[in-house]
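Notes follow the structure.
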Amino acid sequence: MRRLVLPSLLMAVLAGCGAPTPTPTPTPMTTARMFWAADTGTSIRLFAEDVQIAKTAAPGITALRYLVSHRPIDPDYTSLWPPTTRIKGVTVSGSDATVDIAPVKLNVGSEAEGIAVQQLLWTLTSAQPEIHSMRITV
Numbered sequence: 020m021r022r023l024v025l026p027s028l029l030m031a032v033l034a035g036c037g038a039p040t041p042t043p044t045p046t047p048m049t050t051a052r053m054f055w056a057a058d059t060g061t062s063i064r065l066f067a068e069d070v071q072i073a074k075t076a077a078p079g080i081t082a083l084r085y086l087v088s089h090r091p092i093d094p095d096y097t098s099l100w101p102p103t104t105r106i107k108g109v110t111v112s113g114s115d116a117t118v119d120i121a122p123v124k125l126n127v128g129s130e131a132e133g134i135a136v137q138q139l140l141w142t143l144t145s146a147q148p149e150i151h152s153m154r155i156t157v
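In the working numbering, each residue carries its 1-based index in the sequence shown increased by 19.
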């Protein structure tokens, strides 16, 4: 009986000797203001919602990518950008930003197209207040 207990005890002790499992470092988060569209019955307007996004060195592109890939909290709000929209990059020079977007088709009228551009502008300048103008390239 003694011979069976010792190997079993030795195996149990050795099993606990492995390297500890690393605890993943949580991603730092920050609050960002997203601007969503809603039809008021007489016009399309933008409404703001604060959300938590990853804190990065490039808050503008992070916010815009969140905007086009997530849905608003309020079910009455929407994005005018289809979920297939891809923000390729944001270049900032002083207070001017250039947002590079992959070609995308907006299935909205002319009024909503203008609001869609404003949706990007307001979200971008909320994430990076030093930006005062925005250009879009496709």
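Ideal Cβ positions, reconstructed from N, Cα and C, are used throughout, including at glycine.
Outcome for residue i when other beta-carbon atoms lying within 10 angstroms are tallied against a minimum of 16
i: Gly79; result: buried
i: Leu143; result: buried
i: Ala121; result: exposed
i: Val123; result: exposed
i: Trp92; result: The sequence given here has Ile at residue 92, not Trp. It counts as exposed.
i: Asp44; result: In the sequence as presented, Asp is not what sits at residue 44; that position holds Thr. Exposed.
The beta strand (DSSP E) enclosing residue i, as first and last residue numbers
i: Trp55; result: Met48 to Asp58
Residue i (DSSP reduced to helix, strand or coil)
i: Ile155; result: strand
i: Ala121; result: coil
i: Ser129; result: helix
i: Ser112; result: strand
i: Gln142; result: What sits at residue 142 in the sequence shown is Thr, not Gln. Three-state result, Thr142: helix.
i: Gln71; result: strand
i: Ile134; result: helix
i: Thr97; result: strand
Endpoints, the alpha helix (DSSP H) within which residue i is located
i: Ala82; result: Pro78 to Ser88
Option in the options with minimal Cα separation from residue i
i: Ser98; options: Pro148, Ser145, Arg64 and Gly60; result: Arg64
i: Val70; options: His151, Arg84 and Ala57; result: Arg84
i: Ser114; options: Lys107, Ser129, Ala146 and Gly133; result: Ala146
i: Ala57; options: Thr81, Ala135, Ala51 and Thr103; result: Ala135
i: Pro101; options: Ala131, Ser152 and His151; result: Ala131
i: Trp141; options: Gly108, Leu86, Lys74 and Thr104; result: Leu86
In DSSP terms, what residue i is bridged to
i: Leu65; result: Ala56
i: Ile92; result: Ile92 is not bridged to any residue.
i: Ile106; result: Ile120
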